[in-house]
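Below: the structure, in structure tokens.
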Amino acid sequence: MTKESSLLHVDNLHVTVDDKPILNGLTLTVEAGTVHAIMGPNGSGKSTLSFVIMGHPKYTVTQGRILYKGEDLLALAPEERAQRGIFLAFQYPTAIPGVTIANFLRAALRGVRGKDVPVKEFRETVKTHLKALGIPESFMNRYVNDGFSGGEKKRLEILQMAVLGPSLAVLDETDSGLDIDALKTVAAGISALRNPQRGMLLITHYQRLLNYIKPDVVHVLVGGRIAKTGGPDLALELESKGYQGFKPATEPGDPAELGGRGSPIAAGGGTVRK
Ligand SMILES: Nc1ncnc2c1ncn2[C@@H]1O[C@H](COP(=O)(O)OP(=O)(O)O)[C@@H](O)[C@H]1O
Ligand SMILES: [Mg+2]
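Under the working numbering, the residues of the sequence shown are numbered 4 to 277, in order.
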């Protein structure tokens, strides 16, 4: 399969925010049916990549391109990207007081499909997914993320993904802030949504999520570039070594961020060897 016909092909991507360079030549190809994990220290540009894929206006692409199913993704508005099957689960989901989850999901589905969804079909679909995710039906009448616990927010992101059925799902730290039971539920929910047509980008700085969802490919993102790509074992290597040794030659970087105290890996309880 050529890169041009891959599900997602990010090619030499350079991105700035307020004129500050964040991504510096990021290249990545995701085939349909595969799960790619992107791991990296805080501030390495993981969320920036997810926002650029979704089309957040604050992030400026200064060089490079993104092809999605062979199409120039950067030429499309965010809603057109969603309609073509791209879904982003936010690292920090926003509360929408006054809007119930039921109405929100139905509107999202209508937006993506471009037509109304019959109430009965909608109810049945949602019911199935609620059950699978261990979410009570009463959840549907609550306001979106309003007063939600971290675990509830993350489960709602997965519920959205399940209902919308995207071709490409970008999950930004869907494991953060979860206790072990919630982590298992969320991981099982994500795993159940793997299929041969769907690609996933799992952004995480904890290897622990990858104990429950085995990725096909693991990338290490440091200083806005992919410093290393490997198989699932690369995540274990990071767990034991931290991000030292992955410092990109072209970036000044902050040593404190690269596996030192306060780095996600160190904070995650992994043994960081000096
Ligand atoms: N909207 C924004 N405004 C200003 N700076 C930003 C914004 N988004 C990201 N940045 C900066 O870009 C860098 C990368 O951030 P981010 O993509 O959130 O990293 P990660 O998700 O890997 O922790 C950080 O230095 C961050 O401060
Ligand atoms: Mg982030």
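For glycine and all other residues, C-beta sits at the position ideal for the given N, C-alpha and C.
From a predicted model like this one, the values you see are computed outputs, not experimental measurements.
Residue selection by CB proximity (closer than 6 Å to any heavy atom of ligand 1) returns Val20, Asp21, Ile25, Gly43, Asn45, Gly46, Ser47, Gly48, Lys49, Ser50, Thr51 and Lys61 in chain order. Rounded to whole angstroms, Thr30 and Ile229 show a C-alpha spacing of 7 Å. Looking from the CA of Glu140, the closest CA among Phe151, Ala105, Ile161 and Lys123 belongs to Ala105. With contacts defined by Cβ atoms closer than 7 Å, Leu26 and Leu171 do not form a contacting pair. Cβ neighbours of Thr103 within its own chain (closer than 8 Å, five residues either side excluded): Met143, Asn144, Arg145, Tyr146 and Val147. CA-to-CA, the gap between Lys23 and Val64 works out to about 11 Å. Between the alpha carbons of Gln66 and Gly88 lies a distance of about 24 Å.
With a threshold of 6 Å, the Cβ atom of Gln66 does not count as near ligand 2, since no heavy atom of the ligand is closer than that. For the region 63-138, the full-length beta strand (DSSP E) segments reaching 3 residues or more read 89-92 and 99-103 along the chain.
In the structure shown, the three-state DSSP call for Asn27 is strand. The Cβ-Cβ distance between Gln94 and Asp178 does not fall below 7 Å. DSSP places Lys156 in no beta strand (DSSP E) but in the uninterrupted alpha helix (DSSP H) bounded by Gly153 to Leu167. Under the criterion of beta carbons closer than 8 Å, Ser53 and Ile206 qualify as touching, at roughly 6 Å.
As DSSP reads the structure, Arg197 sits in no beta bridge. Secondary-structure assignment with DSSP links Leu204 through a beta bridge to His39 and Val173. Counting along the chain, the unbroken alpha helix (DSSP H) around Asp236 starts and ends at Asp236 to Lys244. In this structure, Gln94 has its CB closer than 6 Å to one or more heavy atoms of ligand 2. Excluding residues up to 5 positions away in sequence, Val13, Leu76 and Leu77 lie with their Cβ nearer than 6 Å to the Cβ of Ile69 in the same chain.
In the structure shown, Asp14 falls within a strand segment according to DSSP collapsed to helix, strand and coil. Restricting attention to Val122, Ile193 and Ala92, the CA atom closest to the CA of Val38 is found in Ile193. Cβ neighbours of Leu91 within its own chain (closer than 6 Å, five residues either side excluded): Ser53, Met57 and Val173.
Under the three-state reduction of DSSP output, Arg145 falls in the coil class, being neither helix nor strand.
Here the alpha carbon of Gly28 sits roughly 22 Å from the alpha carbon of Gly234. Of the residues assessed, Val122 falls on the exposed side of the cut-off, its CB having fewer than 16 other CB atoms within 10 angstroms. In chain order, Phe90, Ala111, Leu112 and Val115 place their CB closer than 7 Å to the CB of Leu167, counting only its own chain and leaving out the 5 sequence neighbours on each side.
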